[in-house]
């Protein structure tokens, strides 16, 4: 007896009745056929998530210039949602319904609509330094803006435009109780919205850090209570807020403290040469609590309508100083205890661990090594460093483990992740990644309670990792197991849309999103919409003021018809359509798309949305539901009829395409009675089981009961028509009665299957 | 000795030196901790794809109302790309650069820009009925349009607007040699672009099928050679082309042949009741080859500028007839041999297998059971059916296996997939899916050579399958193993953006996309751009005609600077920026985003793109590269300076933020010499190995050699400046010399790691 390989032998051993032979050899065959090693199998077991399985962590990743936020699960690495933030996105109706258009309009720059954002750094709301799962903030580097996403429904609620900057990079980061969202400038520019020659760069161009006040109760940023701290025209980079002993302070690093201005087209060496000439740049250390007091004390000036504190005011108050850092750093990360700060220069091989205690000691003693050209005092590297460690070529970003003193640094040039002890200053492990990692992310790694377990390397290049898809490649997020002493690569995830920069992961159990809205809800303002429409209260109203006419529709959506099914308007009318989704069932979203008018809405259960457009020409414009919501989804349709201006109707009677007789009616009723028998069987099955112990089943039963209620309503209508011998209507109404029966049966069968699969028990009545 | 479970026992047995104990018990521990069964482990092994692994099939899925096409791999179920088609998408620069704006502009409806599409059915080009991997077509249901995607670069090249329809559903489907792309109408409407009362529905509203001529050589649809066949105002649904014996014919099903017009708001039963009242609808059978001859013979009339054949012309030519089909069907699928056609009604439990031979026999014998109200003859069900099979409640769509006579039908209401023998009419297996499946898809299932192996269920609801993400859920694509007798569920994939309707899968080895463009390429027209710019030929030109001024820039992008770094214009100027990516390296895409002007470009290696905007106000507008392209990526920046109209410059000299001395120069040169030593070591390592056997390594070496060439250029410049004792420039130029060294080192190290990991051999010189 000879075995082709170890696994074959293994399965031969255990085939004596101990385990299912077929499945064992099947595994062997599959591994052979697919070239999987035992290590691969272990990685597969660590990441594969069977149907209905749950991920342990949920990642919110920036989508880069896609302008979106990407949501995925760990360890399955399955992408769950793209949240539209700065870019219109039709699946979500974002930028198509009036409600979300209003959110996007908040983000206009000098009145110009911006239809993208370059998102970089997401940040969760925190309470006492712990992620609380309420909101996520995300920035736009290109057009300095910050957006607020509500984790109650995963929707963008607000966009604020920074009135002081022309570019930013270092947003969003939060203070430990989300008092402020920190947004730092990047490419220096004049604060004034006017032309200033580059020759005046040193004097008139400026950087800064904005502290956006977050109103937790309203779930919105309050611009009137926000302020900016003026900084030199260095390129500010990332920030982090202090915590514990360092709470009250924030840290922003920088590059190009040379203040070099390129101009390769005129013979000057480019920015990249002049901005990386000095060995060090500056870490900018700011006392934001003191700054807030200065603002409250009237020390700020209004610049472009928002408070700003000058460098001088800050320096005089002892609330601003600098510390040298290795050149071209990216990322400044406060450790979970708030005692140490890690910074590394991308053109260097060291990571520097700063001691907050040390730098504060020097600052308090006014022990400075000098001042920068703008009068900001400089605490020396010597007086602030805890330890410096050789971590690899091109260290970029550091994240923290749940284990004390353990950090991970992404190494861009070497394409590795370095695990090291930042207390003792000792490298512990290195893992190759593919290729050229930017940020990396550990679970709740920015909080005071990192969760360990996993790390994600956000790699900028994928090259040969995946099946090719043309010149524009996906990026590659690699999942790494950090639970043991040695890091283990688990999974390569292509990012199919966007160029993520940074991401943040939260324990899945902290998220409790809703599955429906209160009926008639404007999800963008989080309030009952004035256009909420109840079943039976639908209406279309046409009003003219002089030549200007408006056709306004208050409509509803339910499986599977749109009310109204016919809308009449005249050419030139402004048409406003308000739609409320009457469904209570989970996942019963309806869409609404209309020919030729750029109208496309997504209406989740309970939501009310509106679309406004000008019907600028006569014609016939079909509309329909875009979501496959029931077997009769394709019949969820209607027509907008735009008549010529001043059109006088010729009285004509509709000739039905099909006429029905008593025989048709009787046949339909027979079908309905048979269908009801099937439904009764399903109802019996369900009610004889402990379905009330299963929330999913309870929700399905509620939905089915609703559908049966609608069926009963149409049964009555059809019986009345039959009594009046109106067989045409009687038959059609009996048809609608049946439609609701079919929906009830569909849902009932789903509940039955669910109970069977989840082994519901028979109960005694 | 007691074992906690079978797996524990198994690993105990094999722990006597045969296998690594740690990893075996690790697998056991992981399975226990994650609650995985042996079946789950097998599914994991069948789908898990280690780093650099390849998928066997590539799926192109419609993105529904996202207006995109989703590309993912099987069996890994990892999404590789979202291709922008009907919706502007900034990551790809789609709808932001002038070149792609021109593609989107082709899709305007009556001059209105439509910023979304409701994509439904992708179709690959075919040669002799086999997928050839050249192009994919995708339709827009809402605004009847068809788009052409080139698989050479995964970009959208063309959008055509249907001039006859106001809505469609049944596109895109192709004839066996892609002579035509078939697009059928859905909601009937008047052909004329004007108001026609619904009372005239039966007489003036019409459906139809359009046959778009595809010019394979140009890779574009030729509207002038395309035509529409007029059909009754039934709601046309999906289509399929015949193949083999049925080549030359196409088949389009329909619903609402009742021609019912709803109006629930005026007391009428809704569309869903009236459109599903009759037991049968009509399959529309069309001889497209004959139709093409009729058009060539001058039998068509121009309607809205495109040829149309009337129903009468088609019926008279024997090129159009009807066959009854169970009511509200979705999908009509010709089997691989071209002999059988499967249709099923969503409100029924049967699938009907039609015999093409039988229906043709009756048609040729003019054996009809009557005519519809539009004079189209009807072949009876009896005279065309091969067999009818009870497949389940709400059968929707059928796909074919590689095994003869085997089909799979998605069952919407029951939420199952039924495997059955369509020759013998026998159900073989059923598998539960979650929940409410729409289409399903087998590998190359629409071609004459289906590949078997896998099936994907495109489920409309996910409800409890994934971690919750708010009221709007992802859809769920479930991967099913069909290689054995019984179907096995392998994987649940959430769809994070869009509502896919149908998908098509192609063998991965048929796709050979490019990784770069020819230098200066306009990827949308597939030709050299007139704005192609070579290195050193960059320029900015300002021209005025009267009051109207244009500032036009011919620029380039390369790691890591934009040329020009400073652009000057005056308020009111139209600014046109052309950018060519000079990179040859794979995956070295550069982006270009500018503050406040809604400018965001994606420039893949070799590509030339343009952005046009009006600089309507004075100010300072930073711009930068949005892709993390090198360690100095953040320094890849520049400024657009918009001066007030008629601004006269005050002569000022730039004061450098930092001045450099001979000592600085010497220090930089010392660094460069040390860096060169590192590079030489890497070069030695590579050239001593058989790197030429690895195309990836060869490409990296080419790229590194380019970078070293640039380094040499700047070395010369700096040495010249040093000779002239211009230490400021000498230092900065030496810095740029070093920047190129760093890039070369980065790439060289990547090549070295690649060779190490791929076990390259030492060679003798």
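Chains as they are written, first to last, in this note's numbering: chain A, 4 to 768; chain B, 4 to 768. Backbone N, C-alpha and C define an ideal beta-carbon position, used for all residues, glycine too.
Under the three-state DSSP convention, the category residue i falls into
i	result
residue 533 of chain B	coil
residue 465 of chain A	coil
residue 382 of chain B	coil
residue 24 of chain A	Low local confidence applies: a pLDDT of 41 at residue 24 of chain A is under 50, so the model's placement there is unreliable, and no value is given.
residue 405 of chain B	coil
residue 337 of chain B	strand
residue 745 of chain A	helix
residue 103 of chain B	helix
residue 268 of chain A	helix
residue 432 of chain A	strand
residue 175 of chain A	strand
residue 456 of chain A	strand
residue 790 of chain B	Outside the modelled stretch of chain B, which goes from 4 to 768, sits residue 790 of chain B, for which no answer is possible.
Close-in-space but distant-in-sequence residues of the same chain around residue i (CB under 8 Å, 5 per side omitted)
i	result
residue 601 of chain B	99, 616
residue 325 of chain A	285, 286, 287, 288, 375, 379, 380, 381, 382
residue 429 of chain B	392, 423
Neighbourhood of residue i by C-beta, 7 Å cutoff - its chain only, sequence neighbours within 5 removed
i	result
residue 448 of chain B	402, 403
residue 261 of chain A	277, 278, 280, 281
residue 133 of chain B	450, 451, 452
residue 166 of chain B	307, 308, 309
residue 271 of chain A	265
Chain-order list of residues whose beta-carbon lies under 6 Å from that of residue i (same chain, five-residue window excluded)
i	result
residue 588 of chain A	706
For residue i, the residue or residues it bridges with in DSSP
i	result
residue 507 of chain A	A:63
residue 497 of chain A	A:479
residue 779 of chain A	Residue 779 of chain A is absent from the structure shown; chain A starts at 4 and stops at 768.
residue 153 of chain A	A:138, A:158
residue 617 of chain A	A:577
residue 346 of chain B	B:335, B:355
Touch check for the segment 67 to 86 of chain B and the segment 502 to 511 of chain B: three-plus C-beta pairs under 8 Å? Judged by Cβ distances under 8 Å, the segment 67 to 86 of chain B makes contact with the segment 502 to 511 of chain B, as three or more pairs qualify.
Residue ranges of each alpha helix (DSSP H) within the segment 654 to 740 of chain A, 4 or longer: 665 to 690, 698 to 726
Decide yes or no for the touch test of the segment 232 to 241 of chain A against the segment 674 to 691 of chain B: beta carbon pairs closer than 8 Å, at least 3 of them. no
Output the residue ranges of the beta strand (DSSP E) runs that lie fully inside the segment 221 to 254 of chain A and measure 3 residues or longer, sorted by chain position. For the beta strand (DSSP E) assignment, the uninterrupted runs of no fewer than 3 residues enclosed by the segment 221 to 254 of chain A are, from N- to C-terminal side, 223 to 234, 238 to 244.
Closer than 8 Å is the cut-off here; do at least three beta carbon pairs connect the segment 566 to 582 of chain B with the segment 143 to 160 of chain A? Cβ pair count under 8 Å is below three, so no.
When you compare the segment 519 to 532 of chain A with the segment 78 to 93 of chain A, are there three or more beta-carbon pairs, one atom per stretch, that lie closer than 8 Å? no
Can at least three beta-carbon pairs, one atom from the segment 99 to 113 of chain A and one from the segment 171 to 189 of chain A, be found at a separation below 8 Å? no
Taking one C-beta from the segment 39 to 54 of chain B and one from the segment 41 to 48 of chain A each time, how about it: are there three or more such pairs within less than 8 Å? yes
Do the segment 413 to 425 of chain B and the segment 377 to 384 of chain B touch if we need at least three Cβ pairs shorter than 8 Å? no
Count Cβ pairs between the segment 706 to 715 of chain A and the segment 723 to 733 of chain A that sit closer than 8 Å; are there 3 or more? no
Is the segment 114 to 126 of chain A in contact with the segment 136 to 145 of chain A, if contact means three or more CB pairs nearer than 8 Å? yes
With a cut-off of 8 Å, do at least 3 Cβ pairs link the segment 466 to 475 of chain A to the segment 30 to 39 of chain A? no
The segment 175 to 189 of chain A in contact with the segment 89 to 99 of chain A per 3-pair CB rule at 8 Å: no
Three or more C-beta pairs under 8 Å: does that hold for the segment 488 to 501 of chain B against the segment 83 to 90 of chain A? In short, these stretches touch, since the Cβ pair count reaches three.
Would you check if the segment 742 to 750 of chain A and the segment 662 to 681 of chain A touch, i.e. whether three or more CB-CB distances between them fall below 8 Å? The segment 662 to 681 of chain A vs the segment 742 to 750 of chain A: in contact.
Which runs of the beta strand (DSSP E) spanning at least 3 residues fall entirely within the segment 533 to 610 of chain B, listed in chain order? 542 to 548, 551 to 561, 564 to 566, 569 to 573, 577 to 584, 593 to 597, 602 to 606
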